[in-house]
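J.: Numbering (my numbering), first residue to last: 1065 to 1310.
Beta carbons: idealized from backbone N, C-alpha and C, even for Gly.
What follows is a structure written as structure tokens; I'll ask about it next.
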Amino acid sequence: MTDAAVTVITGAGRGIGAAIALRLAREGHDLVLGYHADQDSAEGVAARVRAEGRRCVTVRVDTTHQADVERLFAAAEEAGLGPVTGLVNNAGVPGPYGPLAEADPEGVRRSVDVNVTGYLLCAREAVRAMTASGTGGAIVNISSGAATLGSPGEYVHYAAAKAAVDAMTVGLAKELGPLGIRVNCVAPGTVWTDFHPDPERPAKRAPNIPLGRSAQPEEIAGAVAWFFSPDAGYASGAVLRVAGGM
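Printed below as a string of structure tokens:
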């Protein structure tokens, strides 16, 4: 994309979101980094983005709250970045870990709310911003290989939410294509981040993955960056699985 690219990334303070922020900065994006709680981590990512020569602002946000989402997108104009041209829907929570019958209902509800409602609210605001400015743009949703594998005995509720993200991607691509907005999805497999309830889960999962290892966040970021690149100009409605063969 050109120097005019202004992209909002949710869940950008760590893990996959942080890796996406750094990769997009190197690709020429100015960034709005949404984070939920860890301000120090988000500011650390922002400092690294600025070291790449890009402009950046951080915003504390709960993506399930409409007022927070509006504030997140307004930050781009308030900081002088210009109109938003991109969104990476990445903020997510796994919720309770284990069999569904033992899961805390409030934890399940929160997981579905963040992983589905949060994505919808952010996509809604992105569309409003992109159509108001007439710029068009691109949305990339972060799903999961769990959407088709189901995650039995771990977090079926999370897998169900990510399946909704896949469906959301296809529907929005059809709805927004005439407006010049492309919508795509990256579905990672197991990635080395602190997202997992069990920190050793990526190592434990490795023997069952055809490539024999879990992914690094940068490998997911590369797929996301491709969807924003000119090479992906005709890609919309795609769900790109980056899961080591799973």
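(1) Going by the DSSP bridge assignment, what does Leu1095 pair with across the sheet?
(2) Restricting to Cα atoms, I'd like to know which of Ala1155, Ala1302, Ala1110 and Gly1201 is closest to Ala1075.
(3) Kindly list the residues whose CB is nearer than 6 Å to the CB of His1100, restricted to its own chain and excluding five residues on each side of it in sequence; keep chain order.
(4) Classify Pro1271 as helix, strand or coil using the three-state DSSP reduction.
(5) On the three-state DSSP scale, how would you describe Arg1114?
(6) Considering Leu1304, what are the terminal residues of the beta strand (DSSP E) in which it resides?
(7) Is the stretch 1225-1238 touching the stretch 1257-1269 in the sense that three or more CB pairs, one from each, lie closer than 8 Å?
(8) Considering only the beta carbon of each residue, do Ile1284 and Ala1069 sit closer than 8 Å?
(9) My output table needs one value for Ala1167: the three-state DSSP class, helix, strand or coil.
(10) Going by Cα to Cα distance, which pick from Pro1160, Ser1207 and Val1157 is closest to Ala1227?
(11) Could you check whether Ala1202 and Ile1245 sit closer than 8 Å to each other, using their CB atoms as the reference points?
(12) Could you pull out every unbroken beta strand (DSSP E) segment of at least 3 residues lying fully inside the stretch 1127-1158, listed in chain order?
(13) For Arg1078 and Thr1181, what's the separation of their Cα atoms in angstroms?
(14) Return the Cβ separation of Ala1223 and Ala1231 in integer angstroms, given the expectation that the two are a contact with Cβ distance under 8 Å.
(15) Excluding sequence positions up to five away, which residues of its chain have a Cβ less than 7 Å from the Cβ of Gly1276?
(16) Mind checking which residues open and close the alpha helix (DSSP H) that includes Val1255?
(17) Between Val1306 and Gly1253, is the Cβ-Cβ spacing less than 8 Å?
(18) Within the present structure, is the beta-carbon of Arg1305 separated from the nearest heavy atom of the ligand GTP by less than 7 Å?
(19) Tell me, please, which residues DSSP counts as bridged to Gly1201.
(20) The alpha helix (DSSP H) spanning Arg1087 covers which residue range?
(21) Taking the alpha carbon of Pro1163 as the point to measure from, which residue in Pro1274, Ser1215 and Ser1105 has its own alpha carbon closest?
(22) State the start and end residues of the unbroken alpha helix (DSSP H) segment that holds Met1232.
(23) Using only alpha-carbon positions, find the residue among Val1303, Glu1166, Arg1090 and Leu1213 that is nearest to Arg1112.
(24) Tell me the rounded alpha-carbon separation between Met1194 and Ala1140.
(25) Below 6 Å CB to CB, which residues in the same chain sit around Thr1066 once its five sequence neighbours on both sides are set aside?
T.: On the basis of the data shown:
(1) Its beta-bridge partners are Thr1071 and Cys1120.
(2) In the sequence on display, residue 1075 carries Gly and not Ala. The option with the nearest alpha carbon to Gly1075 is Ala1155.
(3) Nothing meets the Cβ criterion.
(4) Looking at Pro1271 - three-state DSSP - the assignment turns out to be helix.
(5) In this structure, DSSP gives Arg1114 a helical state, which the three-state scheme calls helix.
(6) Here the beta strand (DSSP E) through Leu1304 covers Val1303 to Val1306.
(7) The stretch 1257-1269, when compared against the stretch 1225-1238, does not touch it at the 8 Å Cβ threshold.
(8) Cβ atoms of Ile1284 and Ala1069: not closer than 8 Å.
(9) In this structure, Ala1167 counts as coil in the three-state DSSP scheme.
(10) Taking only the C-alpha atoms, the option nearest Ala1227 is Ser1207.
(11) Yes.
(12) Listed in chain order, the complete beta strand (DSSP E) runs (minimum 3 residues) inside the stretch 1127-1158 are 1150-1153.
(13) Their backbone Cα atoms lie some 21 Å apart in a straight line.
(14) 13 Å between Cβ atoms; not a contact.
(15) Cβ within range, chain order: Ala1270.
(16) Note, Val1255: premise wrong, no alpha helix (DSSP H); not H, not E.
(17) Pairing Val1306 with Gly1253 gives a Cβ-Cβ distance under 8 Å.
(18) Among the ligands in the structure shown, none appear at all, so the ligand GTP cannot be discussed.
(19) Under the DSSP definition of a beta bridge, Gly1201 partners with Ile1245.
(20) Segment Gly1079 to Arg1090, the alpha helix (DSSP H) holding Arg1087.
(21) Measuring from the Cα of Pro1163, the nearest candidate turns out to be Ser1215.
(22) Residue range Val1220 to Leu1240 is occupied by the alpha helix (DSSP H) that includes Met1232.
(23) Cα-wise, what sits closest to Arg1112 is Arg1090.
(24) Cα to Cα, the separation comes out at about 12 Å.
(25) Residue placement at Thr1066 cannot be trusted, given a pLDDT of 42 that sits under 50; what the coordinates show is reported in the next sentence. None.
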